[in-house]
Each structure stands twice: as structure tokens, then as C-alpha cells.
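Residue numbers (our numbering): 26 to 125.
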């Protein structure tokens, strides 16, 4: 992520319970297991699922799994750009806020 200009050194894994009381327009899950256990959010956001393999499972060392992390980062970058473009479409904004 550093090569992409993103500092994640202070980030930590967070449990979903930390977010249940927050309002979201979209919830995106990345692995099939999380999709199955994703809690119901009170504001009923649009649920989006991107089935992306865990890059850590691709190699026994950081060096061996690095290419997989790069592919995953590129795929997420592409998907996020498409999602942001879709969200910014006038018809998507109306739909996302319940104005169908």
C-alpha cells in the first residue's frame, strides 16, 4: 500500500460490532464467509459482494505472496473506481437514498 501512496501502518482489524450503530449507504463484503455473517444494519444499506480470494493464502512467505497482494490491490482499485463512478451517477444517487 505504501507504493500506492497509502499509509496503513496505524490501521488495525476491527470487529463488525464497532460499526453496527453507524449509518452506511453501502456495505461491501470481500470474502464469502463474511458475506454470510454480515449483520443487518439499521439503515438497510445496499449490500455489495466482491468475492476476492485472500492473498495471504497464496504463498508461505511474504515474498511468495507479494504478487497476489499486488493483484488484489489492483482489483480493488478498479472495483472501487467503478463503484465511485456509479455512485456519482444521478440515477444511482437517487436509488441509493431510497428515491427509486
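Idealized CB from N, CA, C, for every residue including glycine.
| said: Give me the DSSP bridge partner(s) of residue 71. | reply: 51
| Close-in-space but distant-in-sequence residues of the same chain around residue 66 (CB under 7 Å, 5 per side omitted) | 45, 49 and 52
| For residue 125, which of helix, strand or coil comes out of DSSP? | Model confidence at residue 125 stands at a pLDDT of 42, short of 50, so the residue's coordinates are unreliable and nothing is read from them.
| request: Report yes if the C-beta distance between residue 74 and residue 96 is below 7 Å; otherwise report no. | output: no
| query | Is the Cβ-Cβ distance between residue 90 and residue 98 less than 7 Å? | reply | no
| query | With a Cβ-Cβ cutoff of 7 Å, do residue 57 and residue 76 count as a contact? | reply | Yes, Cβ-Cβ distance for residue 57 and residue 76 is below 7 Å.
| task | Can you tell me which of 38, 111, 54 and 30 puts its alpha carbon nearest to the alpha carbon of residue 78? | result | 54
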